[in-house]
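Numbering (the working numbering), first residue to last: 4 to 216. Backbone N, C-alpha and C define an ideal beta-carbon position, used for all residues, glycine too.
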């Protein structure tokens, strides 16, 4: 585009130089028409130049916007679980109105996690145990649940059970839909053996043994 404009300017100069001598003997009417033609050429060239600048600026803005996206975090270690649990959905009077599926896909160790659009980074000597799960709603109801209420974690065989500190709760589940989400537990770097206890707060808990390298 810039090359084209330069050629247009050079053409304008050549025409101007060739016509200058001829116009000296021409009528005022011819001189006026020639000047208007030159002005029109100049306006077209300027319009093309401005259009090109604006287009390039728009492209640069798009590239910068893409570059500002947060990079996905990676897992240092991962264990596939693929277990599905079914829990009752209760109203505010504890009456069961439906059921939903609580699917644990996998468990991973990560030094970073993005939750609610914010990046959390573990301090030195610590990392995160991440539980990736899905909530499956086969009903026509829309509901909110606290996913952390259904999992507790024990570390290295200890009797203490921990709730997830990192979560997206409350998670809204649309009708006839599946919602992926995750839970995070801060742990020590050297922790490798865990047990997840899955179940309702007042119900039976089923253990899942986790061994991450």
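Given residue i as reference, the closest of the options once Cα atoms are compared
i, options, result
"residue 206", "136, 155 and 186", "155"
"residue 120", "188, 215, 169 and 211", "169"
"residue 118", "194, 171 and 176", "171"
"residue 115", "162, 201 and 78", "78"
"residue 84", "110, 153, 195 and 94", "110"
"residue 179", "50, 139 and 125", "139"
"residue 163", "152, 82, 183 and 199", "199"
"residue 161", "201, 197, 202 and 82", "197"
"residue 158", "132, 152 and 183", "132"
"residue 204", "91, 124 and 184", "91"
Contact under 8 Å by Cβ, residue i with residue j
i, j, result
"residue 137", "residue 89", "no"
"residue 134", "residue 186", "yes"
"residue 215", "residue 54", "no"
"residue 144", "residue 97", "no"
Alpha carbon of residue i to alpha carbon of residue j, nearest angstrom
i, j, result
"residue 209", "residue 122", "31 Å"
"residue 165", "residue 213", "15 Å"
"residue 64", "residue 51", "Confidence at residue 64 is low in this model, with a pLDDT of 49, below 50, so the placement of that residue should be treated as unreliable; the coordinate-derived value is given next. Looking at the two C-alpha atoms, the distance is approximately 20 Å."
"residue 150", "residue 113", "20 Å"
"residue 142", "residue 201", "22 Å"
"residue 108", "residue 86", "7 Å"
"residue 126", "residue 49", "57 Å"
"residue 104", "residue 153", "12 Å"
"residue 211", "residue 167", "16 Å"
Residues of its chain near residue i, where Cβ-Cβ distance is below 8 Å and the 5 sequence neighbours each way are ignored
i, result
"residue 129", "189, 190, 191 and 192"
"residue 66", "Note that residue 66 scores 46 on pLDDT, short of 50, meaning its location in the model is unreliable and no value can be drawn from it."
"residue 147", "173, 174, 175 and 176"
"residue 93", "99 and 100"
"residue 82", "109, 110, 111, 213, 214 and 215"
Any non-hydrogen atom of the ligand ZN closer than 7 Å to residue i Cβ
i, result
"residue 160", "Of the ligands one can find in the structure shown there are none, so the ligand ZN has no counterpart to examine."
Spatial neighbours of residue i in its chain, beta-carbon cut-off 7 Å, leaving aside the 5 residues before and after
i, result
"residue 194", "158 and 159"
Same chain only: Cβ atoms within 6 Å of residue i, ignoring 5 sequence neighbours per side
i, result
"residue 218", "Limits of the chain in this structure are 4 at one end and 216 at the other, which puts residue 218 out of reach."
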